[in-house]
Amino acid sequence: MPAAGGFDLQAHRGGRGLAPENTLAAFEHALEIGVTTLELDVGITVDGVAVVSHDPYLNPAITRDASGQWLAAKGPLIKSLTLAQLQTYDVGRINPASPYAAQFGTQAPRDGQRVPTLASLFALVKNYGADGVRFNIETKLNPSQPGDTVGVEAMTRTLLQAVRDAGMARRVTVQSFDWRSLQLVQQLAPEIPTVYLTVQAGANDNTRDSAWTAGFQLGQHGSVPRLVKAAGGAVWSPNAGAVTEALVKEAQALGLQVIPWTVNNPADLQRLMDWGVDGLITDYPDRLRELMRER
Ligand code: G3P
Ligand code: CA
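Encoded structure:
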């Protein structure tokens with residue numbers, strides 16, 4: 000959540016179009032570009048450590064084992080590994096033979112990158128001296144696959160503890176598609192703004208948005224922005240492909256910030272900036288930085 004009036008340039012997974020996603024190499028590169036916020040996802044290991052990873056399992060498209068071999072299939076769940084076990088894997092390169100390689104972009108490899116702890120990311124940013132940079136941290140929960148993670152309560156509590164241990168509560172927002180996690184943040188850490196993620200922006204919201212499991216009914220509120228406001232959110236982060244200018248204005252009139260995900264095409268970045276969004280989440284923070292300079 001940027002200071003009032005400041006446009007929030009968020010590097011998605013550290014800027015996965017430019018460096019291996021959710022690695023310290025990516026986050027450092029994003030700092031060099033001059034982003035305002037690092038967007039990242041968290042999971043929790045079996046020994047209770049908050050780590051930075053998008054997938055709840057080791058993804059064979061980007062993971063090699065300690066002997067340098069690509070994982071042949073979906074790897075173990077992060078929640079089943081100790082931190083030491085997890086960090087034997089290398090996540091600094093895309094497997095060119097993977098059918099999913101293209102989804103991970105074309106960035107230069109950075110061999111030797113490990114799944115980082117959240118604490119190590121906080122330390123990196125402190126050491127870099129980027130005192131104004133913020134962290135938009137997603138509790139990576141999938142309501143339709145509850146067994147893949149440690150669960151809503153354990154993940155949210157472990158994350159909050161890691162944030163407090165690092166003294167970073169004032170520089171963090173917590174985002175989630177699982178609104179139960181956001182409700183818990185509001186209860187346990189009211190000083191941390193919550194970011195409500197949605198896939199669809201209309202009445203046909205799909206099940207990935209777990210407003211329903213958190214007890215909210217769109218029908219009682221009339222629109223997604225009103226629902227987010229009623230839930231206590233500070234920011235609404237809609238899928239950029241599903242949001243309209245009218246919804247942006249409606250949300251902002253309610254006092255919400257609007258920060259769509261994930262926008263990479265310069266024409267789309269420009270259109271959303273012209274609509275007056277408060278920030279954008281992008282795999283290519285260099286492109287957005289350039290457009291912001293031209294303004
Ligand atoms: O911040 C929202 C965005 O990161 C959601 O998409 O799947 O990349 O976590 P995903
Ligand atoms: Ca995310």
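Each residue of the sequence shown is one higher than the one before, starting from 0 at the first, in numbering that gives the first Met the number 0. All residues carry an ideal CB built from backbone N, CA and C; glycine is no exception.
Report back the beta-carbon spacing between residue i and residue j to the nearest angstrom; my notes put them in contact at under 8 Å.
| i | j | result |
| --- | --- | --- |
| R12 | L39 | 6 Å |
| V194 | V234 | 4 Å |
| Q9 | I280 | 4 Å |
| P19 | Q112 | 6 Å |
| G16 | G104 | 5 Å |
| V184 | T155 | 6 Å |
| T82 | Y56 | Before going further, note that residue 82 is Leu rather than Thr in the sequence given. Contact doesn't hold; Cβ gap of about 16 Å is too wide. |
| G74 | T62 | 6 Å |
| G232 | L246 | Not confirmed; about 14 Å, so no contact. |
| V151 | D177 | 6 Å |
| L117 | A161 | 5 Å |
Taking the alpha-carbon positions, what's the residue i to residue j distance?
| i | j | result |
| --- | --- | --- |
| T206 | P145 | With a pLDDT of only 41 at T206, under 50, the local geometry of the prediction cannot be trusted, and the value read off the model is given with reservation. Roughly 13 Å between the two C-alpha positions. |
| V124 | V34 | 12 Å |
| L271 | Q84 | 42 Å |
| L253 | S236 | 14 Å |
| S97 | G131 | 38 Å |
| P122 | N21 | The identity of residue 122 in the sequence shown is Ala, whereas the question assumes Pro. Those two C-alpha atoms are separated by around 15 Å. |
| S79 | L70 | 17 Å |
| F26 | Q106 | 13 Å |
| A49 | A60 | 22 Å |
| T157 | I43 | 8 Å |
| R169 | G128 | 16 Å |
| L268 | F6 | 12 Å |
| R294 | D273 | 10 Å |
| H53 | V41 | 7 Å |
| Q216 | N94 | 42 Å |
| Q182 | P224 | 16 Å |
| R133 | Q199 | 26 Å |
| S222 | V114 | 38 Å |
| Q251 | G214 | 24 Å |
| R288 | V257 | 18 Å |
What residues match up with residue i in a beta bridge as DSSP calls it?
| i | result |
| --- | --- |
| D7 | G278 |
| P237 | T197 |
| G42 | V50 |
| N135 | E38 and T172 |
| D267 | Answer is none; D267 lacks a bridge partner. |
| Y56 | L76 |
| Q256 | V234 |
| R63 | W69 and D89 |
| T116 | V50 |
Hey, would you say the C-beta of residue i is under 6 Å away from at least one heavy atom of ligand 2?
| i | result |
| --- | --- |
| D285 | no |
| E137 | yes |
| D40 | yes |
Taking its Cβ as the centre, do 16 or more other Cβ atoms sit within 10 Å of residue i, making it buried, or is it exposed?
| i | result |
| --- | --- |
| A3 | In this prediction, A3 scores a pLDDT of 49, lower than 50, which makes its location untrustworthy; no coordinate-derived value is stated. |
| Q370 | Because the chain is modelled from 0 through 294, residue 370 falls outside the range shown and cannot be assessed. |
| K139 | buried |
| R179 | buried |
| E137 | buried |
| G240 | exposed |
| E249 | buried |
| D277 | buried |
| A153 | exposed |
| Y88 | buried |
| P284 | buried |
| N126 | exposed |
| L196 | buried |
| Q102 | exposed |
| N135 | buried |
| T243 | exposed |
| A24 | buried |
If you measure from the CB of residue i, is any heavy atom of ligand 1 nearer than 6 Å?
| i | result |
| --- | --- |
| I32 | no |
| I280 | yes |
| W260 | yes |
Under a CB-based cut-off of 7 Å, is residue i close to chain C?
| i | result |
| --- | --- |
| P55 | Going by chain labels, chain C is absent from the structure shown, which holds only one protein chain. |
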